[in-house]
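Asks: Sending over a structure as structure tokens; questions will come in a sec.
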Amino acid sequence: MDGNSRHQVIKRLQTTLPRGAPFDLTILAPLGVSPQLAARYAEGGWLVRLAQGVYAFPNDEFGAYGALKFLQQRVPGLHVGGKSALGLQGVRHNLGRDTLVLWGNSRYELPAWFTSRFPARYVYAHLFDWPDAALAVKTLTTPPGLPDGLQVAASERAVLELLYEAGTKQSLEEARNLFDGLRSPRKELLGQLLSCCTSVKTVRLFLTWARETQVVDVDDLLTRHPLRTGSGKRWMSRLADGTLLSLNPHG
Numbered sequence: 008m009d010g011n012s013r014h015q016v017i018k019r020l021q022t023t024l025p026r027g028a029p030f031d032l033t034i035l036a037p038l039g040v041s042p043q044l045a046a047r048y049a050e051g052g053w054l055v056r057l058a059q060g061v062y063a064f065p066n067d068e069f070g071a072y073g074a075l076k077f078l079q080q081r082v083p084g085l086h087v088g089g090k091s092a093l094g095l096q097g098v099r100h101n102l103g104r105d106t107l108v109l110w111g112n113s114r115y116e117l118p119a120w121f122t123s124r125f126p127a128r129y130v131y132a133h134l135f136d137w138p139d140a141a142l143a144v145k146t147l148t149t150p151p152g153l154p155d156g157l158q159v160a161a162s163e164r165a166v167l168e169l170l171y172e173a174g175t176k177q178s179l180e181e182a183r184n185l186f187d188g189l190r191s192p193r194k195e196l197l198g199q200l201l202s203c204c205t206s207v208k209t210v211r212l213f214l215t216w217a218r219e220t221q222v223v224d225v226d227d228l229l230t231r232h233p234l235r236t237g238s239g240k241r242w243m244s245r246l247a248d249g250t251l252l253s254l255n256p257h258g
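Positions in the sequence shown are counted from 1; adding 7 to them yields our numbering.
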């Protein structure tokens, strides 16, 4: 490739690809950039190699949201979840910089180029036995002020993701403080989510705290939705911090 052709391709990349996000070979290929050419551009300083097959523009300080939108195209169901999703929707306990909590539908290890820039952890758990794809999609949203297409768990889903981790990756005390910040959850959506929630601990913890805070009518939920609360016995477990968690079937 002569100098003029090379600069034409580089110019096309710079005018076509959005700033603020990485890109990979599947994005570069339609623009006439092969893996070998991408490697040469990286050697020449026109691109920065983040990982095998993943690049960015030099001096392009892309943010977490742009990087997440890139990863969402490659990881099934990837979304901001749990505590992080609640924070993006105004439910916060402290204002310090927290580790970004991400959830997805398959096992996945966040790439080093992402975690070195944005402290984050990835959660894969079969928390919901979805009756259909529509409910899964319905419970992902993009809060106001965030880039279009950024997937964030709706607060009703995020709080159940939070409770799933309570006592392990998430302190029980902070989980309760965040739960207390819930305001006017959509009761029907909560009922649907609780109905397909596979974690007995999560369902019982929600019902227990919901009774205490009266954020929803628990008895009405139990009447209208078949919740998976396990046996009629009390559920007990010793948490990582040594706390003994004891939960009744219906809160």
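Ideal Cβ positions, reconstructed from N, Cα and C, are used throughout, including at glycine.
Nearest CA to the CA of L75: which residue from L134, L157, N112, L228?
Replies: Residue 75 sits at position 68 when you count from the first residue of the sequence shown. Looking at the Cα atoms, L157 is the closest of the given residues.
Asks: When you compare each of T175, L254, G237, F30 to T1 by their alpha carbons, which one comes out closest?
Replies: No answer is possible for residue 1: it lies beyond the span of the chain, which begins at 8 and ends at 258.
Asks: Look at the alpha carbon of A46 and the alpha carbon of L229, and state the distance between them as a whole number of angstroms.
Replies: Here the question's residue 46 lines up with position 39 in the sequence shown. Here the question's residue 229 lines up with position 222 in the sequence shown. The straight-line gap from Cα to Cα measures roughly 59 Å.
Asks: Give the secondary structure of R260 by DSSP, where H, G and I count as helix, E and B as strand, and everything else as coil.
Replies: Missing from the structure shown is residue 260; the chain here goes from 8 to 258 and no further.
Asks: Under a three-way DSSP split, which group does F135 fall into?
Replies: Taking the sequence shown and counting its residues from 1, the one referred to as residue 135 is at position 128. Strand.
Asks: Bridge partners of D31, per DSSP?
Replies: Reading the sequence shown from its first residue, position 24 is the one you call residue 31. Listed as beta-bridge partners of D31 by DSSP are V61.
Asks: Measuring straight from C-alpha to C-alpha, what distance separates E59 and F30?
Replies: Along the sequence shown, read from residue 1 onward, the residue named residue 59 stands at position 52. Along the sequence shown, read from residue 1 onward, the residue named residue 30 stands at position 23. Note on identity: in this sequence residue 59 is Gln, with Glu being the wrong assignment. Between Q59 and F30, the C-alpha separation is close to 11 Å.
Asks: Looking only at its chain, what residues have a beta carbon closer than 6 Å to the beta carbon of V225, apart from the 5 residues adjacent to it on each side?
Replies: Locating residue 225 in the sequence shown gives position 218, counting from the first residue. Answer for V225: L214, A217, R218, G258, listed in chain order.
Asks: For D248, collect the residues of the same chain with a Cβ closer than 6 Å to its Cβ; drop the 5 residues on either side in sequence, then sort them by chain order.
Replies: Counting from one through the sequence shown, the residue named residue 248 turns up at place 241. Spatial neighbours of D248 in its own chain (CB-CB distance under 6 Å, excluding positions within 5 residues in sequence) are not present.
Asks: Tell me the DSSP secondary structure of R241 in three-state form.
Replies: Here residue 241 refers to the residue found at position 234 when the sequence shown is read from its first residue. Correct three-state label for R241: coil.
Asks: Between which two residues does the beta strand (DSSP E) carrying L252 extend?
Replies: As a first step, residue 252 is located in the sequence shown; it is residue number 245 there, counting from the start. From DSSP, the beta strand (DSSP E) with L252 extends over 251 to 254.
Asks: Under a three-way DSSP split, which group does A247 fall into?
Replies: Stepping through the sequence shown from its first residue, residue 247 is reached at position 240. Looking at A247 - three-state DSSP - the assignment turns out to be coil, as it is neither helix nor strand.
Asks: Can you give me the start and stop residues for the beta strand (DSSP E) that G111 sits inside?
Replies: Sequence index remark: in the sequence shown, residue 111 carries index 104 (1-based). From DSSP, the beta strand (DSSP E) with G111 extends over 107 to 111.
Asks: Helix, strand or coil for Q15 per DSSP?
Replies: Indexing the sequence shown from 1 puts residue 15 at position 8. Three-state result, Q15: helix.
Asks: Compute the Euclidean distance between the alpha carbons of P118 and Q15, then round it to the nearest angstrom.
Replies: Walking along the sequence shown from the start, residue 118 turns up at place 111. Walking along the sequence shown from the start, residue 15 turns up at place 8. Rounded to the nearest angstrom, the two C-alpha atoms are 31 Å apart.
Asks: Give me whichever residues DSSP pairs with L170 in a beta bridge.
Replies: Position 163 of the sequence shown, counted from the first residue, corresponds to residue 170. DSSP output for L170 lists no bridge partner at all.
Asks: Using beta-carbon positions only, say whether L196 and E163 come within less than 8 Å of one another.
Replies: Your numbering for residue 196 matches position 189 in the sequence shown. Your numbering for residue 163 matches position 156 in the sequence shown. The Cβ-Cβ distance between L196 and E163 falls below 8 Å.
Asks: Reducing DSSP to helix, strand and coil, say where T236 ends up.
Replies: In the sequence shown, counting from the first residue as 1, residue 236 sits at position 229. When secondary structure is reduced to three states using DSSP, T236 falls in the coil class, being assigned neither helix nor strand.
Asks: Threshold first: 4 residues or longer. Then list the alpha helix (DSSP H) segments lying entirely within the region 189 to 228, N to C.
Replies: 194 to 202, 207 to 220
Asks: R191 and L234: beta carbons closer than 8 Å?
Replies: The residue labelled residue 191 in the question sits at position 184 within the sequence shown. The residue labelled residue 234 in the question sits at position 227 within the sequence shown. Per the sequence shown, residue 191 should be read as Ser rather than Arg. Against a cut-off of 8 Å, the Cβ pair of L234 and S191 comes out as no contact.
Asks: Helix, strand or coil, according to DSSP, for L54 in the structure here?
Replies: Sequence index remark: in the sequence shown, residue 54 carries index 47 (1-based). If DSSP states are grouped into helix, strand and coil, L54 belongs with coil.
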